[in-house]
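Trainee: Below you will find the structure I want to go over with you.
Residue numbers (our numbering): 367 to 537.
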């Protein structure tokens with residue numbers, strides 16, 4: 367007999383860990399805001415598409431903020447916890463199972479990733495504004511836009527491929 371709650375807990379923990387690793391593996395520093403561009407959003411988007419808003423929220427918030435702390439960007443961790451958590455939540459609300467149900471659901475899923483991207487860009491603009499001033503924080507907008515657009519472009523085909531793999535946990 368399998369306990370679905372335990373499976374979900376383990377899945378969530380694994381996705382938090384993968385988000386942390388993806389956040390840390392390739393980092394491109396952004397000088398003005400003392401932040402960095404990374405690929406954690408790929409995992410957040412894939413997680414949200416395949417496993418829904420709750421797992422996306424936890425993987426995004428906890429995984430990304432843990433990456434910030436471990437990389438020495440602890441001053442960003444509280445902002446990242448909220449921003450990336452909301453990004454995963456919004457992506458999951460609108461993009462969950464975007465490949466089942468035809469074209470309309472897929473379009474809604476892409477729009478969900480776009481909405482989640484705006485949450486991230488706006489969130490880091492406000493967070494950077496609080497930390498360093500809103501004029502300096504303007505520097506983060508192009509880098510964050512690049513990061514989420516590239517992440518979505520990678521996450522959509524990756525999630526599509528993974529959605530075709532028979533995994534009991536996806537049910």
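No residue lacks a Cβ here, since even glycine has one placed at the ideal position from N, Cα and C.
Please state whether the Cβ-Cβ distance between residue 382 and residue 425 is less than 7 Å.
Mentor: Looking up residue 382 in the chain shown gives position 16. Looking up residue 425 in the chain shown gives position 59. The answer is yes: Cβ separation under 7 Å.
Trainee: Could you give the uninterrupted runs of the beta strand (DSSP E) lying entirely in the segment 380 to 408, keeping only those of 3 residues or more?
Mentor: Listed in chain order, the complete beta strand (DSSP E) runs (minimum 3 residues) inside the segment 380 to 408 are 394 to 396, 401 to 403.
Trainee: Are residue 403 and residue 385 closer than 7 Å when you measure CB to CB?
Mentor: The sequence position of residue 403 within the chain shown is 37, counting from 1. The sequence position of residue 385 within the chain shown is 19, counting from 1. It is not a contact, given that the beta carbons lie outside the stated cut-off.
Trainee: Could you check the C-alpha separation between residue 377 and residue 418 for me, to the nearest Å?
Mentor: Here residue 377 refers to the residue found at position 11 of the chain shown. Here residue 418 refers to the residue found at position 52 of the chain shown. Approximately 12 Å, taken between the alpha carbons.
Trainee: How far does the alpha helix (DSSP H) with residue 420 in it reach, from first residue to last?
Mentor: Looking up residue 420 in the chain shown gives position 54. Start and end: 419 to 424.
Trainee: Would you check if the distance between the CB atom of residue 451 and the CB atom of residue 414 is smaller than 7 Å?
Mentor: Locating residue 451 in the chain shown gives position 85, where the first residue counts as 1. Locating residue 414 in the chain shown gives position 48, where the first residue counts as 1. Not in contact: residue 451 and residue 414 (Cβ atoms no closer than 7 Å).
Trainee: Taking only runs of the alpha helix (DSSP H) that begin and end inside the segment 487 to 528, which ones reach a length of at least 4 residues, in chain order?
Mentor: The qualifying runs are 500 to 503.
Trainee: Quick check: what's the CA-CA separation for residue 390 versus residue 370?
Mentor: Stepping through the chain shown from its first residue, residue 390 is reached at position 24. Stepping through the chain shown from its first residue, residue 370 is reached at position 4. So the alpha carbons of these two residues sit roughly 30 Å apart.
Trainee: Considering Cα atoms alone, identify which of 387, 434, 427, 373 is closest to residue 395.
Mentor: For the purposes of this step, residue 395 is taken as residue 29 along the chain shown, with counting starting at 1. Closest option to residue 395, Cα to Cα, is 434.
Trainee: With burial defined as no fewer than 16 other Cβ atoms inside 10 Å of the residue's Cβ, what is the status of residue 527: buried or exposed?
Mentor: The residue given as residue 527 occupies position 161 in the chain shown. Exposed: under 16 other Cβ atoms inside 10 Å.
Trainee: Is the separation between the beta-carbon of residue 483 and that of residue 494 shorter than 7 Å?
Mentor: Stepping through the chain shown from its first residue, residue 483 is reached at position 117. Stepping through the chain shown from its first residue, residue 494 is reached at position 128. In this structure, residue 494 does not lie closer than 7 Å to residue 483 by Cβ.
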